[in-house]
Every structure is written in C-alpha cells, then in structure tokens.
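K.L.:
Below you'll find the structure I mean.
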Ligand code: ADP
Ligand code: ADP
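Numbering (my numbering), first residue to last: 213 to 436.
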C-alpha cells in the first residue's frame, strides 16, 4: 500500500519548526529516511505513527486517512522506537505469548505458530528461553521487531534502530530488516549513510524539517 504525505508542518511550542512542508510518497519495500540529528526524522515518524499531531497537512495510507482515523492506522502499524524497552524477567517466548494474547491472538495453536515464526525471522529462536532483560542491545532491538510482527503490520516504522549497536549486532539487525522489507512497507530512519546504502532502494534526505531529496539511494547518497 502507498503512503502519501502532503504539506505536513509542525512547529513545537519552543518555536522550532521540525516539519516544514513535507511531501513524500512511499511505496512497498524498504524506504530510507536519512538526515543528521535534529533534521526532523523522529517528528515525521511520530506523526505518521499518530503519536503526535502536525499543525497542518495530510497523511494517507491506502484507504486510511491517517490524521482523521488514528485507530485504523494503528491496527495496521508496527512501530519500533529508538529506545530499547525495559522488559520484565520473562523469556522471549513467554513475553511474545503474552503480547500475542494482548493483541487478541487467543487460540493457543495459532499463537504458538506465530510466536515461533517471529522468533525465526528475527534469528532469536535459539535464544527463546533466555530472559529478554538479559539480551544485548541488538537482541532487544530484534525482539522489538518480533513483537511488532505479531499482528502482521502493513506499515512498519523503525526509528534509528542501529544507534548504539556494535558492528556485529548492527549487521544481524540489518539482515532481519532486509528480509522484512521484502514483504512490507518499511520506513527506516537513520543518520548513517551506510545503513541506507545497504538496505534501501529509495530514500529521502531531510534537513531543517525539509525534504531535500527523494529518489534512488544511489543518486541520493552520491549527492552527499
Ligand atoms: P531527528 O529525529 O532527525 O533527530 P527530531 O524530529 O527529533 O529530529 O527533531 C527536530 C527538531 O525538533 C530538533 O531541533 C529538536 O530539538 C526539535 N524537537 C523534537 N522534539 C521536540 C519536542 N517535543 N519539543 C520541542 N522541540 C522538539
Ligand atoms: P559470530 O562470531 O558470528 O558473532 P558467535 O556464535 O561467535 O557468532 O556469537 C558471538 C556472540 O553473539 C555470542 O555471545 C552469541 O551468543 C551471540 N550470537 C550469535 N548469534 C546470535 C544471534 N542470532 N542472535 C543473538 N546473538 C547471537
């Protein structure tokens, strides 16, 4: 499904204009949102995820008028924020079963199947009996992806997921995203050019709340 963002603006109470007439169309696949700290990436992601309201503009995802029907969007959204979650002392399998239950997947057989499949996709299956609170940062990020995939989201938003990951963890994490990007619409925000080069067919470059470039990753990163 197509995500269409039109004339989006946002000025915070402190006078910072974080979104300055943002226009973007994003189709299926892995889309990169590249920009330095303060560019407005998180503001844009939080707005798409209906966590905050813009001053003006519109967002359409397929048939969904996102800003006027937050609930419809939330039902099809997977959102992975930047911070690692704090988890109770339960194993990955226990926690995923719990979250699946919360999401209304109450049939035990269905649940087991879905939990196993998201553990496989995120390469955490061998660690399913370990406590998530003891996971490394990279594993917690992949656990976040597993949790997000439980209800089969149609739009996935991943905000600066590789910040603070060591190279091996980063590599594992990008591999998981690559696989997911083949089947979903994924928006991946980062300030790391190589993240986008490795993963995304297309990107937008943001700075000062504006989209400065939108096009192929090759062209966009060559222009930097
Ligand atoms: P990025 O994700 O690219 O680092 P942000 O969207 O977080 O960019 O920030 C864009 C600008 O808006 C920055 O100048 C930032 O300091 C400011 N900003 C972000 N969130 C808030 C907020 N809740 N209140 C005030 N200013 C904010
Ligand atoms: P590599 O050298 O390819 O990283 P190792 O098996 O030597 O693989 O693992 C190094 C560390 O990374 C170990 O602590 C291991 O538990 C951890 N690790 C290996 N594979 C995974 C994975 N799929 N997910 C999380 N951690 C992993």
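All C-beta atoms in this analysis are idealised placements derived from N, C-alpha and C, irrespective of residue type, glycine included.
Predicted model, so just to flag it, every value in this text is computed and none were measured.
1) Quick check: the segment 232-252 against the segment 393-406, are at least 3 beta-carbon pairs closer than 8 Å?
2) Cα separation between residue 284 and residue 262?
3) Taking the alpha helix (DSSP H) that residue 316 falls in, what are its first and last residues?
4) From this set, 267, 368, 304 and 362, which residue's C-alpha is nearest residue 345's C-alpha?
5) Locate the beta strand (DSSP E) running through residue 292, then write down its first and last residues.
6) As an exercise, report each continuous beta strand (DSSP E) stretch of at least 3 residues that is fully enclosed by the segment 236-293, in chain order.
7) Residue 214: buried (16+ other C-beta within 10 angstroms of its C-beta) or exposed?
8) Taking the alpha-carbon positions, what's the residue 432 to residue 266 distance?
9) Using the Cα positions of residue 434 and residue 426, report the straight-line distance between them to the nearest angstrom.
10) Express the C-alpha separation of residue 383 and residue 342 in angstroms, rounding to a whole number.
11) Could you tell me the distance, in whole angstroms, from the CA atom of residue 312 to the CA atom of residue 428?
12) Could you compute how far the alpha carbon of residue 280 sits from the alpha carbon of residue 233?
13) Mind checking whether the beta-carbon of residue 247 lies closer than 6 Å to any heavy atom of ligand 1?
14) Counting only the same chain and skipping the five closest in sequence on each side, list residues whose C-beta sits under 6 Å from that of residue 378.
15) Relative to the C-alpha of residue 254, which residue among 293, 228 and 348 is closest?
16) Between 369, 235 and 373, which has its C-alpha nearest residue 418's C-alpha?
17) Which residue marks the beginning of the alpha helix (DSSP H) containing residue 414, and which one marks its end?
18) For residue 438 versus residue 354, is the C-beta spacing smaller than 7 Å?
19) Report all residues from its chain with a CB closer than 8 Å to the CB of residue 264; omit the five preceding and five following residues, and keep chain order.
20) Look at the alpha carbon of residue 390 and the alpha carbon of residue 398, and state the distance between them as a whole number of angstroms.
P.N.:
Let me spell this out:
1) yes
2) Translated into the one-based positions of the chain shown, residue 284 becomes position 72. Translated into the one-based positions of the chain shown, residue 262 becomes position 50. In this structure, the CA atom of residue 284 is about 10 Å from the CA atom of residue 262.
3) Taking the chain shown and counting its residues from 1, one reaches residue 316 at position 104. No alpha helix (DSSP H) contains residue 316, which DSSP labels as neither H nor E.
4) In the chain shown, residue 345 corresponds to position 133, counting from 1. Residue 345 has its Cα closest to that of 304, out of 267, 368, 304 and 362.
5) For the purposes of this step, residue 292 is identified with residue 80 of the chain shown, where counting begins at 1. Counting along the chain, the beta strand (DSSP E) containing residue 292 begins and ends at 289-292.
6) 241-246, 268-273 and 289-292
7) What you label residue 214 is simply residue 2 of the chain shown in a count that begins at 1. Only exposed fits residue 214, as fewer than 16 other CB atoms lie within 10 angstroms of its CB.
8) Here residue 432 refers to the residue found at position 220 of the chain shown. Here residue 266 refers to the residue found at position 54 of the chain shown. Going from the Cα of residue 432 to the Cα of residue 266 covers about 27 Å.
9) Start at 1 with the first residue of the chain shown, and residue 434 comes out as number 222. Start at 1 with the first residue of the chain shown, and residue 426 comes out as number 214. Those two C-alpha atoms are separated by around 13 Å.
10) As a first step, residue 342 must be located in the chain shown, where it is residue number 130. As a first step, residue 383 must be located in the chain shown, where it is residue number 171. One C-alpha to the other measures close to 21 Å.
11) Locating residue 312 in the chain shown gives position 100, counting from the first residue. Locating residue 428 in the chain shown gives position 216, counting from the first residue. The alpha-carbon atoms of residue 312 and residue 428 are separated by roughly 37 Å.
12) The residue labelled residue 280 in the question sits at position 68 within the chain shown. The residue labelled residue 233 in the question sits at position 21 within the chain shown. Between residue 280 and residue 233, the C-alpha separation is close to 19 Å.
13) Your numbering for residue 247 matches position 35 in the chain shown. Indeed, a heavy atom of ligand 1 lies less than 6 Å from the Cβ.
14) Looking up residue 378 in the chain shown gives position 166. Excluding positions up to five away in sequence, the list is empty.
15) On the chain shown, position 42 is the one that residue 254 refers to. With distances taken between Cα atoms, residue 254 lies closest to 293.
16) Locating residue 418 in the chain shown gives position 206, where the first residue counts as 1. Comparing Cα-Cα distances from residue 418 to each of 369, 235 and 373, the minimum goes to 235.
17) Taking the first residue of the chain shown as position 1, residue 414 is located at position 202. Here residue 414 belongs to no alpha helix (DSSP H); instead the beta strand (DSSP E) covers 414-419.
18) A question about residue 438 goes unanswered here, because the residues of the chain that appear run from 213 up to 436.
19) By 1-based counting over the chain shown, the position of residue 264 is 52. Excluding positions up to five away in sequence, the list reads 222, 255 and 258.
20) As a first step, residue 390 is located in the chain shown; it is residue number 178 there, counting from the start. As a first step, residue 398 is located in the chain shown; it is residue number 186 there, counting from the start. Cα to Cα, the separation comes out at about 10 Å.
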